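Q:
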Amino acid sequence: MLHSKWQKKEIRNIIWGGFISLLFLIQPLLASPLKIAILDTGFCLEKLTPPKNITLHKSIDLTKSNNFDCNNLSKENRRLHGNWVLNQFLKEVKTSKPIEISPFIVFNKNAKQESTSWLEAFKKQEDFHLFIIAAGIRDVEKLNPIEIKTPLFVAGATIGRGIGYKTVLWPQNQFKNPLVFTIGSYSMADEDLPARPDYTLINSSQMKFFLSAGDMKSSFNGSSMATATAAARSVNYCYKSFLTKKDVESCLKKSSKSIDIFNDTQKLKIPTL
């Protein structure tokens with residue numbers, strides 16, 4: 006009997022010791038800041054005011070071609086589309102937990118994209134917990150081999166600027182990956198019309214979530230704004246899931262809701278955050 010009690014005590018000590026060791030290993034991970042990468046056109050971070058818990062790192066030009074002067078750019082200049090995305094994210098994120106944001110420029114001085122810049126960005130995906138991409142690239146053959154291991158929010162493609170109904174973009178075409186969250190937009194109800202879909206959105210059935218397109222009179226609206234908003238709200242809901250890169254999809258589904266929009270005479274239910 007004494008021997009049996011001693012054995013039980015040793016087993017308890019081993020289990021407790023294992024639990025402490027596991028807690029010791031997990032704690033730094035949960036205490037580390039959430040690291041976010043944003044891929045876009047350009048950034049002038051001095052024009053932004055983040056809250057104290059958010060650190061903005063200096064932007065990195067992956068094209069190595071840009072030399073624009075932030076002092077000479079107005080806030081409405083499309084070169085600052087990246088700033089618009091980032092600013093919308095900062096407006097919507099409510100968590101007080103630590104966040105680090107690294108902006109990457111993937112549009113060159115001629116506002117064109119090359120697959121080499123995207124490939125370079127995704128070489129770093131293990132260093133981040135989340136990618137925010139309000140853009141897409143046509144060079145799918147070179148980028149399809151990338152294994153997406155980090156959750157990302159990407160704007161659904163819309164008609165215009167060389168994009169048609171049959172255009173295929175990356176990473177939008179990876180929508181079946183549970184870590185890829187394609188975001189569409191819709192117009193909110195106003196005094197004349199009910200909430201309605203964005204008719205310029207292609208492949209609407211491939212969108213994981215839909216959010217407001219914002220004020221259509223503003224220079225920043227549509228799926229880009231919807232993506233920034235969706236990413237921020239997702240961080241609010243699922244910060245810990247992003248840190249571990251586990252159960253992100255299930256966490257977001259639990260946090261989502263359905264809303265009604267009207268497509269001509271038909272009422273549609275769409276998922277939103």
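For the sequence shown, this note's numbering begins at 6 and goes up steadily by one.
Using N, Cα and C, we set each Cβ at its ideal position, and we do this for glycine too.
Computed from a prediction, not measured in an experiment: that's the story for all the values here.
Use the C-beta contact count for GLU51: other C-beta atoms within 10 angstroms, 16 or more gives buried, fewer gives exposed.
A: Counted from its first residue, the sequence shown places residue 51 at position 46. That one is exposed.
Q: Is the separation between the beta-carbon of SER79 and that of THR163 shorter than 8 Å?
A: Sequence index remark: in the sequence shown, residue 79 carries index 74 (1-based). Sequence index remark: in the sequence shown, residue 163 carries index 158 (1-based). Going by C-beta atoms, SER79 is not nearer than 8 Å to THR163.
Q: Look up THR187 in the DSSP assignment and give the residues it is bridged to.
A: Position 182 of the sequence shown, counting from 1, holds the residue named residue 187. In the DSSP output, where bridge partners are listed per residue, THR187 has VAL159.
Q: Figure out for me which residue from PHE73, THR234, LYS117, ILE65 has the closest Cα to the Cα of PHE158.
A: Your numbering for residue 158 matches position 153 in the sequence shown. Checking every option, the nearest Cα to that of PHE158 belongs to THR234.
Q: Once you ignore the five residues that flank GLU125 on each side, which residues in its own chain have a CB closer than 6 Å to its CB?
A: For the purposes of this step, residue 125 is identified with residue 120 of the sequence shown, where counting begins at 1. Around GLU125: LEU67.
Q: On the premise that THR277 lies in contact with PHE215, defined as a C-beta separation below 8 Å, what is that separation, rounded to the nearest angstrom?
A: As a working mapping, residue 215 is identified with position 210 in the sequence shown. As a working mapping, residue 277 is identified with position 272 in the sequence shown. Between THR277 and PHE215 the Cβ distance is about 6 Å, and since that is below 8 Å, they are a contact.
Q: Just confirm the distance between the C-beta atoms of LEU44 and ILE106, as a whole number of angstroms; I'd bet it's less than 8 Å.
A: On the sequence shown, residue 44 is found 39 positions in, with the first residue counted as 1. On the sequence shown, residue 106 is found 101 positions in, with the first residue counted as 1. Actually they are not in contact, since the Cβ atoms of LEU44 and ILE106 sit about 12 Å apart, beyond 8 Å.
Q: Who pairs with SER217 in a beta bridge, going by DSSP?
A: Your numbering for residue 217 matches position 212 in the sequence shown. SER217 is bridged to TYR191.
Q: Is the CB-CB distance between MET212 and GLY161 below 8 Å?
A: Locating residue 212 in the sequence shown gives position 207, where the first residue counts as 1. Locating residue 161 in the sequence shown gives position 156, where the first residue counts as 1. A contact, by the Cβ cut-off of 8 Å.
Q: Drop a sphere of 10 angstroms on the beta-carbon of LEU30, count the other beta-carbons inside from all chains shown, and report buried for 16 or more, exposed for fewer.
A: The sequence position of residue 30 within the sequence shown is 25, counting from 1. Note that LEU30 scores 44 on pLDDT, short of 50, meaning its location in the model is unreliable; the coordinates nonetheless yield the value given after this. So LEU30 ends up on the exposed side.
Q: Name the two residues that bound the continuous alpha helix (DSSP H) containing SER229.
A: Along the sequence shown, read from residue 1 onward, the residue named residue 229 stands at position 224. Element bounds for SER229: 227–249.
Q: Where do the N-terminal and C-terminal ends of the beta strand (DSSP E) with LEU44 fall, by residue?
A: Walking along the sequence shown from the start, residue 44 turns up at place 39. Counting along the chain, the beta strand (DSSP E) containing LEU44 begins and ends at 39–45.
Q: Should ILE142 and GLN179 be called a contact, given that it needs their Cβ atoms to be closer than 8 Å?
A: Within the sequence shown, numbered from 1, the residue matching residue 142 stands at position 137. Within the sequence shown, numbered from 1, the residue matching residue 179 stands at position 174. Taking 8 Å as the Cβ cut-off, ILE142 and GLN179 do not qualify as a contacting pair.
Q: With a threshold of 8 Å, are at least 3 pairs of Cβ atoms found where one atom belongs to the stretch 249–257 and the other to the stretch 187–204?
A: No: the two stretches stay apart, fewer than three of their Cβ pairs being nearer than 8 Å.
Q: Whose C-beta lies closer than 8 Å to the C-beta of VAL145 among residues of the same chain, with five residues either side of it excluded?
A: The residue given as residue 145 occupies position 140 in the sequence shown. Here the set comprises VAL173, LEU174, TRP175, ASN178.
Q: For my contact list, ILE137 and ALA236 are in at a C-beta cut-off of 8 Å; report their separation, rounded to the angstrom.
A: Here residue 137 corresponds to residue number 132 of the sequence shown, with the count starting at 1. Here residue 236 corresponds to residue number 231 of the sequence shown, with the count starting at 1. Confirmed, Cβ separation roughly 5 Å.
Q: Does DSSP put GLU152 in a helix, in a strand, or in coil?
A: Taking the first residue of the sequence shown as position 1, residue 152 is located at position 147. Coil, per DSSP.
Q: What does a CB cutoff of less than 6 Å around PHE267 pick up in its chain, not counting 5 residues either side in sequence?
A: Taking the sequence shown and counting its residues from 1, the one referred to as residue 267 is at position 262. The residues are PRO199, ARG201.
Q: Confirm, please, whether the CB-CB distance from SER192 to MET230 is below 8 Å.
A: The residue labelled residue 230 in the question sits at position 225 within the sequence shown. The residue labelled residue 192 in the question sits at position 187 within the sequence shown. Going by C-beta atoms, MET230 is not nearer than 8 Å to SER192.
Q: I'd like the span of the alpha helix (DSSP H) that includes GLU196, first residue to last.
A: Counting from one through the sequence shown, the residue named residue 196 turns up at place 191. Neither: GLU196 is in no alpha helix (DSSP H) and is coded neither H nor E.
Q: Tell me the rounded alpha-carbon separation between SER239 and GLN130.
A: Numbered from 1 along the sequence shown, position 234 holds the residue referred to as residue 239. Numbered from 1 along the sequence shown, position 125 holds the residue referred to as residue 130. Spanning the two alpha carbons is a distance of roughly 19 Å.
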